[in-house]
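A.B. asks: In terms of numbering that gives the first Met the number 0, the sequence shown is residues 0 to 145.
Handing you a structure now.
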Amino acid sequence: MADGRTPRGGGEDGFPPVGPASAVRPFLVTAGRVAGAGEASSGRTMPVETQLVATSDGLDALDGLSFERHDIVAACRQPQSIAEIAARLKLHLNVVRVLAEDLRTAGQLSVHVPDSGVTHDASVLRRLIDGLRAIPDSRGVLRDSD
0 MADGRTPRGG GEDGFPPVGP ASAVRPFLVT AGRVAGAGEA SSGRTMPVET QLVATSDGLD
60 ALDGLSFERH DIVAACRQPQ SIAEIAARLK LHLNVVRVLA EDLRTAGQLS VHVPDSGVTH
120 DASVLRRLID GLRAIPDSRG VLRDSD
């Protein structure tokens, strides 16, 4: 809800439970577009790690937004990456990119693209790999390291 309360039927993390993935084809959701207005003019797409946060204007307009746009803004009460939103809402990654760009243009989302120098730093990738290896599998067994 726009006032920050958990919607009725919300999960323990404050987000409503996600049902089955929509049968609507991605090109229908984006009206056939493969890039948002800003992406089309710059020729660059938002990286999957781009953080999205709902603006106060977006939260105020929440009840007037339709379908996926509503769900994206509602999910972005807390900072979320494009990849997290796509997974949470069971939407195609590029659909989220296009709609996020539209919502940014309308002033309903704030977009924070990480510094490309940091995201391409090998030490960050090494720490990520080490962190993933530290997670036990379903049998509780850790993966072997290099």
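No residue lacks a Cβ here, since even glycine has one placed at the ideal position from N, Cα and C.
#1: Relative to the alpha-carbon of residue 54, which residue among 45, 137, 99, 95 has its alpha-carbon at the smallest distance?
#2: Taking only runs of the alpha helix (DSSP H) that begin and end inside the stretch 64 to 110, which ones reach a length of at least 4 residues, in chain order?
#3: Is the number of C-beta pairs between the stretch 68 to 76 and the stretch 131 to 143 that are closer than 8 Å three or more?
#4: So residue 92 and residue 105 are supposed to be a Cβ contact under 8 Å. How far apart are they, rounded?
#5: If I'm right that residue 57 touches residue 108 with Cβ under 8 Å, what's the distance once you round it to whole angstroms?
#6: So residue 45 and residue 110 are supposed to be a Cβ contact under 8 Å. How far apart are they, rounded?
#7: Of the choices 128, 131, 114, whose alpha-carbon is the least far from that of residue 47?
#8: Put residue 51 into one of helix, strand or coil per three-state DSSP.
#9: Could you have a look at residue 122 and say whether DSSP puts it in helix, strand or coil?
#10: Less than 7 Å between the C-beta atoms of residue 97 and residue 49, yes or no?
#11: For residue 70, collect the residues of the same chain with a Cβ closer than 7 Å to its Cβ; drop the 5 residues on either side in sequence, then sort them by chain order.
C.D. replies: Inspection of the coordinates gives the following:
#1: Nearest C-alpha to residue 54 among 45, 137, 99, 95: 99.
#2: Listed in chain order, the alpha helix (DSSP H) runs fully inside the stretch 64 to 110 are 66 to 74, 81 to 88, 92 to 104, counting runs of at least 4 residues.
#3: no
#4: Wrong, their Cβ atoms sit about 21 Å apart, outside the cutoff.
#5: 6 Å
#6: 7 Å
#7: 114
#8: strand
#9: helix
#10: no
#11: 88
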